[in-house]
Every structure is written in structure tokens, then in C-alpha cells.
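Colleague: For reference, the structure I am asking about is given below.
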Amino acid sequence: MKPFRTHRGRVAPLDRVNVDTDQIIPKQFLKRIERTGFGQFLFYDWRFDASGKKKNEGFVLDEPRYQGASILVAGRNFGCGSSREHAVWALADFGFRAVISSSFADIFANNSTKNGFLTVCLKEGEAAELMRRSGELEDYRLSIDLEQCEVRDDQGFRAKFPVDEFVRHCLLNGLDDIGLTLQHEAEIAAYEALHPPPAALQSAR
Amino acid sequence: MPAKRTLFEKIWEAHLVAQPSGRSPIVYIDLHLVHEVTSPQAFDGLRAAGRKVRQPVRTVATVDHNIPTEPRGTPITDLIAAKQISALQANCKEFGVLLFDMDSPEQGIVHVIGPELGLTRPGMTIVCGDSHTSTHGAFGALAFGIGTSEVEHVLATQCLAQQTPKTMKIDVRGRLAEGVTAKDLALGIIGQIGTDGATGHVIEYAGEAVRALSMEGRMTLCNMSIEAGARAGMVAPDEITFAYVKGKRFAPRDGAWEKAIECWRSLPTDEGASFDKVVEIDAAQLCPFVTWGTNPGMVAPVTGRVPDVGSLKESDRRSTELALQYMGLEPGKRIEDIGIDRVFIGSCTNSRLEDLRAAARVAKGHHVSSKVRAMVVPGSQTVKRAAEQEGLHRVFLDAGFEWRESGCSMCLGMNPDILQPGERCASTSNRNFEGRQGRGGRTHLVSPMMAAAAAIAGHFTDIRNWKFQ
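Protein chains in written order, with the numbering used here: chain Z, 1 to 205; chain S, 1001 to 1469.
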């Protein structure tokens, strides 16, 4: 996994609450069997019309001033709904390294940590302030510092964000958590010796 | 004296493999359910790392999300879907995983077949790469959805490193009235606490109304837990649970059954155990609900109206406006005046035998409105056979409903069953997100009885006034 230590980048605002994973990556793109190539389909139904042409009214990520954005600021409960990890893959493949919001759905947040992708949870007022600044200021940039658990801009904004200590450790070092769990092979084997699977399942194959 | 523990805490503690300091606890997974959409990348990951499936015997797969619901012999015309299905077949073969394939008499939606095969039992930890895994919590199991990286993790280790969730009790006082179902209870709860009201929590549903629910009803209720943001939903096991599990294909038998029951009886939350959060719901206040917006918390009584945007507080105004714009509804419109084009009875929420019986009772002797196309999609082949033995398919076909093969179908529209842009659907599924059932499609979530009644009336109608024939 790609480590996440600090990141500085352009910020794009997505001023909607309850952005669900069906919007982040619509179901017609879930049939691919790879982890790559999902970025082109990010927020597809909001960005493109039914024939695949970019919509005239324009989606925020397609505005010239947000090109190359790598940090998304969104309303509360970001990533709700389906467990599809494709949502994180699409955001990362599009070029994002982090999403900032006042709250995240559990599975989305969990999936993010497995992909070196950061969900930054700020207080509602702080997230709203970043939404305002990224909407009003040209080329608005933020630094996200996972070592200090802090978000900063060049205009004096500073906010701390909470992150689970183990998740932080894995992200900072880009650790593969399957490998970490397998360090406990002896304990897993001991547990399995005490809890064998039911006989009916064993005889079914 | 030992500490008072909740149902969740008892299961969690019994499955802790290791608690490394400064790290998330490692939890053992008893059953891993696998389907075609969220697993191919996980199996690829195993191959790339040279790993095996650690416990093929605790891993069970089926195809449900993608597959057509036309008669089974019909070739799959969606080539990308066909590729995903054949990838699962190949992966199951290579890694020795039991697969209930397209042609299996036990194929069905993963959250329908787990319980009906007796794979789902009280006290277990169950995961699947699907958010509606919360369904299995109806048995007093800890069941939750995971992403593809965690699917790979469980395949490789049979464990997950998980932060300990918080606990929430939803205490439903009193009894549900006639015509008010488990689906209405779920929608009523989400309407009250919001789509993120239970984020970070495992819900335990308790109270008289919950105890009175059948297993099917409990599954509907637990299924929708994720729509309130919960990690999982659970109901304590009781005699209703045991009666359902007994005799199922993979259920324990004879002496093993007696032993299992004894263990399951110790699972319910101890008197006096505490929860991080408690919510009380008055069952008498609940009625048949219809969602009007683009998330399951945007819900109104069938006798109510679409909200008037002006009356809302500022923070809710914009999301309501966006939702009403997408749904093509004017503020203040009466719910019963909303006409529909399509009806979908199915999904892991409401496609079990009891759901189909309830819908058929409504449909009997009536005919689907000439403006409406209505389909019934049984949750599994087992449900389909049982329904046909009772003649339910006859009732539906005579009333002008389509009777189809089992699968996820129009709940998420990954197969050819989709809404056309602008079409309005009364659906027994779980999500009314934009485009969920087809791009531009407009979904209203309701109970199976309410869906059947809407199909016949051509608009939403209060099932409590229905003329049953």
C-alpha cells in the first residue's frame, strides 16, 4: 500500500450531504474485475449525460479552476450506502488522496484505509469553512499532515483531526494488514483448534 | 460477579483471536459469504501474494448481483457480467470454495440463502462484501459488510482486524398495528434517527414489537440497519429463531443441536447491561411508510405529504430541494396522489416467502393497473419453489405481475432489470439513491403489501383500507 504521510494539494468542494457510493461510482461500472481504471467513471451520472457526453451545466470537478484537485471537501455522511470499494478506487484513480468531511460512513472509511487514501473528519464548522474557502479562493490549497494529524492552509486555517492510532501507523508506513494479521498465525491456529467448523459444512464438498 | 454484557459483547469477546497492544483487535470470522461483484479483485490479490483461502470450509459463494432473472437457460447477453460470473466460477474451483451457481436449485441472493441453508446461526460472526450482510443479525449473529480488501483479508486469514464498534439499543415499545410491517418499522426508525444516526454502532433491536416479528421480519429489519449507518443490526435469538434454524441443511443435528441450543440460550443481553446509546420507538406511532426522496431517511406516512421545503430548517432545505427535483415531485404533494409506472417486489430486504405471501394476499382477485409494469423476483430458487407449491405464482400471474427467476435484480439494476429515465417505481428494496434502479429512475421504498397495492391502484394507497378478496 502507498504510504500517506503528508500531502499538499488543490481542494475541490462538493457541497452535498449524504453522498452515497452509488453516486461516487454507479453500478454499471462495477462489473470490471480489476482494481484499476475506475477514475474515468467517478460521479459519472452527475458529470455525463446518458449518451456519455459531459453535461452542459457542468459538474464542479470539471470546472477549470478545480483541475488537478487532489483533496475533496464534502458534506456530512460521505460514502454512505453500498460497501463497494470501487468508490475508493475511483476517487484515488481520479487523482484524489483524501476526502474531508464532518462524518463518513463506516465501510467507506474502512475501505479507504486499505488503499492509502485518507478520510479526514473535521468538526462541522471547520469542514464548512474549508467548503467556503475552496469555493471562493482561486487555487485554494491545503496541507494534510498525518504525522501531526493536522490540516493547514496558507491563510491561517489549522485544525486537528482524529485518527485511530493503528490505522495511522499502517497509513504512515504503507503496511499490508494481511501480513500484520498473519504475524498472529499461532493464535489463529490455536483458536481454530478450539473451534472446528461444523461437520455439515465439511462434508458438503 | 461477572460484568453484565450485551449480545454484541458476548459474540465479540468469544471471537477475539488476539488483542495486540496499540492495534485493532483481531476477530475470527465463522462464515464468509462471497458473490461475483466484490470478490474478483480479492482472489487476484491472493494469487499475486501466493496465498490460499485459509478456510474454504467456512467460505460459501453464490451468484446474485449480475445475473438475469429471465428463465435460466437464456444466455447472458451482458458480456462483462458474464466475465465476472465466470471469474467467480473459476476462482471457486481453484480455491476449493463451495459455489451455489446459476443452475443450482439453491442459488439465490446471498442474504436469503445463508439463512435458508442454515449457514447463518446464532452467535456467529459473518461477513460478506456487501453492505446488507447486516441481514444475518436477525439470528443473533454479528454480521457486517466489508470492502474487497477485507474480503481478501478474510480469505487469507479467516480474521479481520476491527476497531471495537459502539453499541446502540433500539427499544420498540408496544405492537405494530395491522398493515404495519417490519419494513415500515425499519423506515420509521431511519426517518427518526437519520441515515447516519447509527454510524459507528452495532444496533440491537429489542422490545415487544421486535420479539413478535417472524424471522423474515427480523431479517428485513436488520437488513436496513446499514441505511441508518449502523455497522450491524441484531436481534437476540429465541424460540422463533431456533424453530427457523432447526432442520435446515447445514444446521446442527441430534446431539449437536441440543448443545448448540444450550449455547444460544446464553447469548441474549444480560439484564442491566449498558449500551452506548439507547433509542426508544413507540410502535403505536408507526404506520405504512413511503419514501419520497433520494435516501431512506426521506420518508413520510402514506397518509402524509411530500415536505414543504419552506417549512424546513435551513440545513435540510438544499438536500430536500435537490431530492424533490430529482424525484420530479412538487413540495406538499399528497403521497397517495403520486402515480407510479413500475413495481419491484424482491431484494434481500423483502423477497422471502412471507413477503411474497403478503403481496399475493393483496394482489389476489385484483389486476395490475394498465399503466404499471410489475415484477416479482423471489429471493432464491428455494423461495420460488415454495411459493409455486402454494400457488402464489398463479395469483401474481393472474393479477398481471411478472414472475421471474431469483437474483438481486432491480434492487440495484446491475442486470437487465432497470428503470428507464423518469420512470417511478414502488420498490420493496432498500435504497432510493439517485439512479440506483436505473439512471434517472425514481424509487419509492415501501413494504411488499404497499407495493402490491400500488401496482393495482396505479398510485400509492393506504394498505389499511385495502379490500382483500
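Ideal Cβ positions, reconstructed from N, Cα and C, are used throughout, including at glycine.
This one's a predicted model, so the numbers in the text were calculated from it and none came from an experiment.
(1) Going along the chain, which residues of the region 111-125 of chain Z sit with their C-beta nearer than 8 Å to a C-beta in chain S?
(2) Please identify, using Cβ separations under 7 Å, the residues of the region 1072-1088 of chain S that lie next to chain Z, in order along the chain.
(3) In this structure, what does DSSP give as the bridge partners for residue 6/Z?
(4) Looking at residue 75/Z: is its Cβ nearer than 8 Å to the Cβ of residue 116/Z?
(5) For residue 1008/S, which residues in the same chain have their Cβ closer than 7 Å to its Cβ, ignoring the five residues on either side in sequence?
(6) In terms of alpha-carbon separation, which member of 1373/S, 1066/S and 1153/S lies closest to residue 1108/S?
(7) Among the candidates 28/Z, 21/Z, 20/Z and 45/Z, whose CA atom is the shortest distance from the CA of residue 1440/S?
(8) Which of the residues in the region 1011-1022 of chain S, read from start to end, lie with their CB under 7 Å from any CB of chain Z?
(9) Can the beta-carbon of residue 127/Z be found less than 8 Å from the beta-carbon of residue 101/Z?
(10) Let me make sure I understand the geometry here. Which of 1402/S, 1449/S, 1316/S and 1274/S has the alpha-carbon closest to that of residue 1069/S?
(11) Kindly indicate which residue of 198/Z, 180/Z and 87/Z has the alpha-carbon position closest to the one of residue 97/Z.
(12) Please decide whether residue 40/Z counts as near chain B, where near means a Cβ-Cβ distance under 8 Å.
(13) Since residue 1215/S meets chain Z, which of its residues come closer than 8 Å, beta carbon to beta carbon?
(14) Determine the burial state of residue 1216/S: buried for a count of at least 16 other Cβ atoms within 10 Å of its Cβ, exposed for fewer.
(15) Can you tell me whether DSSP reads residue 1301/S as helix, strand or coil?
(16) According to DSSP, is residue 13/Z helix, strand or coil?
(17) At which residue ranges does the region 1293-1344 of chain S contain complete alpha helix (DSSP H) runs of 4 or more residues, listed in the order of the chain?
(18) In whole angstroms, give me the CA-to-CA distance for residue 1237/S and residue 1273/S.
(19) So if I threshold CB-CB distances at 9 Å, which residues from the region 1133-1150 of chain S count as touching chain Z?
(20) If we cut at 8 Å on Cβ distances, does residue 1250/S have a partner in chain Z?
(21) Would a C-beta distance cut-off of 8 Å place residue 22/Z and residue 81/Z closer than the cut-off?
(22) Drop a sphere of 10 angstroms on the beta-carbon of residue 1131/S, count the other beta-carbons inside from all chains shown, and report buried for 16 or more, exposed for fewer.
(23) For residue 85/Z, would you say it is in contact with chain S, using Cβ-to-Cβ distances shorter than 8 Å as the test?
(24) Using the Cβ count rule (16 or more neighbours within 10 Å means buried), how would you classify residue 1200/S?
(25) Is there a Cβ of chain Z sitting closer than 8 Å to that of residue 1453/S, yes or no?
(26) Suppose contacts are defined by Cβ-Cβ distances below 8 Å. Is residue 1374/S in contact with residue 1368/S by that definition?
(27) Please confirm whether any heavy atom of the ligand GTP lies closer than 7 Å to the CB of residue 42/Z.
(28) Select from 1015/S, 1019/S and 1037/S the residue whose C-alpha is nearest the C-alpha of residue 1413/S.
(29) By a C-beta neighbour count over all protein chains shown, 10 Å radius and 16 as the cutoff for buried, is residue 1435/S buried or exposed?
(30) Using 8 Å as the Cβ pair cut-off and three pairs as the minimum, do the region 1036-1050 of chain S and the region 30-42 of chain Z touch?
(31) Going along the chain, which residues of the region 17-46 of chain Z sit with their C-beta nearer than 8 Å to a C-beta in chain S?
(32) Label residue 1263/S either buried or exposed according to how many other C-beta atoms from any shown protein chain fall within 10 Å of its C-beta, with 16 as the threshold for buried.
(33) What residues in the region 1190-1222 of chain S have a beta carbon less than 8 Å from any beta carbon of chain Z?
(34) For the region 1408-1440 of chain S, which residues have a beta carbon sitting closer than 8 Å to at least one beta carbon of chain Z?
(35) Among residues of its own chain, excluding the 5 on either side of residue 219/Z, which ones have a beta-carbon nearer than 7 Å to its beta-carbon?
(36) Apart from the five residues on each side of it in sequence, which residues of its chain come closer than 6 Å, Cβ to Cβ, to residue 1464/S?
Modeller: In short, the structure shows the following:
(1) 111, 114 and 115
(2) 1080, 1081, 1083, 1084 and 1087
(3) Taking the first residue of the first sequence as position 1, residue 6/Z is located at position 6. BP columns for residue 6/Z point to 145/Z.
(4) Position 75 of the first sequence holds residue 75/Z. Position 116 of the first sequence holds residue 116/Z. Against a cut-off of 8 Å, the Cβ pair of residue 116/Z and residue 75/Z comes out as no contact.
(5) Taking the first residue of the second sequence as position 1, residue 1008/S is located at position 8. Hits under 7 Å: 1142, 1167, 1202, 1204 and 1234.
(6) By one-based count along the second sequence, residue 1108/S stands at place 108. Checked all of 1373/S, 1066/S and 1153/S; the closest Cα to residue 1108/S is 1066/S.
(7) Your numbering for residue 1440/S matches position 440 in the second sequence. Considering only alpha carbons, the answer is 45/Z.
(8) 1017, 1018 and 1022
(9) Residue mapping note: residue 127/Z aligns to position 127 of the first sequence, counting from 1. Residue mapping note: residue 101/Z aligns to position 101 of the first sequence, counting from 1. Yes, Cβ-Cβ distance for residue 127/Z and residue 101/Z is below 8 Å.
(10) Residue 1069/S sits at position 69 when you count from the first residue of the second sequence. Answer by Cα proximity: 1402/S.
(11) Position 97 of the first sequence, counted from the start, is the residue given in the question as residue 97/Z. Nearest option by C-alpha distance: 87/Z.
(12) The structure shown contains no chain B; the protein chains it does contain are Z and S.
(13) As a position in the second sequence, residue 1215/S is number 215, starting the count at 1. The contacting residues do not exist; residue 1215/S stays about 20 Å from chain Z at best.
(14) For the purposes of this step, residue 1216/S is taken as the residue at position 216 of the second sequence. Residue 1216/S should be labelled buried.
(15) Position 301 of the second sequence, counted from the first residue, corresponds to residue 1301/S. Here residue 1301/S sits in strand by DSSP.
(16) Translated into the one-based positions of the first sequence, residue 13/Z becomes position 13. Reduced to three states, the DSSP call for residue 13/Z is strand.
(17) 1314-1327
(18) In the second sequence, the residue the question calls residue 1237/S occupies position 237. In the second sequence, the residue the question calls residue 1273/S occupies position 273. In a straight line, the C-alpha of residue 1237/S is about 17 Å away from that of residue 1273/S.
(19) 1133, 1144, 1145, 1146, 1147, 1148, 1149 and 1150
(20) For the purposes of this step, residue 1250/S is identified with residue 250 of the second sequence, where counting begins at 1. Closer than 8 Å: yes.
(21) Indexing the first sequence from 1 puts residue 22/Z at position 22. Indexing the first sequence from 1 puts residue 81/Z at position 81. A contact, by the Cβ cut-off of 8 Å.
(22) For the purposes of this step, residue 1131/S is taken as the residue at position 131 of the second sequence. Looking at its Cβ environment, which holds 16 or more other Cβ atoms inside 10 Å, residue 1131/S is buried.
(23) Reading the first sequence from its first residue, position 85 is the one you call residue 85/Z. True, the Cβ-Cβ gap to chain S drops below 8 Å.
(24) As a position in the second sequence, residue 1200/S is number 200, starting the count at 1. Buried: at least 16 other Cβ atoms inside 10 Å.
(25) Position 453 of the second sequence, counting from 1, holds the residue named residue 1453/S. Chain Z, which has no Cβ nearer than 8 Å to the Cβ of residue 1453/S, makes this no.
(26) The residue given as residue 1374/S occupies position 374 in the second sequence. The residue given as residue 1368/S occupies position 368 in the second sequence. Yes, they are a contact pair.
(27) In the structure shown, the ligand GTP is absent, as is every other ligand, since no ligand is present at all.
(28) Counted from its first residue, the second sequence places residue 1413/S at position 413. The shortest Cα separation from residue 1413/S among 1015/S, 1019/S and 1037/S belongs to 1037/S.
(29) Position 435 of the second sequence, counted from the first residue, corresponds to residue 1435/S. Residue 1435/S is buried by the Cβ-count criterion.
(30) yes
(31) 17, 18, 20, 22, 23, 26, 27, 28, 30, 31, 32, 33, 34, 35 and 45
(32) For the purposes of this step, residue 1263/S is identified with residue 263 of the second sequence, where counting begins at 1. When all chains shown are included, residue 1263/S counts as exposed.
(33) 1195, 1196, 1199 and 1200
(34) 1412, 1413, 1414, 1421, 1431, 1433, 1434, 1435, 1436, 1439 and 1440
(35) Only positions 1 to 205 of chain Z appear in the structure, and residue 219/Z is not among them; the question remains open.
(36) Residue mapping note: residue 1464/S aligns to position 464 of the second sequence, counting from 1. Counting only Cβ-Cβ distances below 6 Å, and skipping sequence neighbours, we find 1179.
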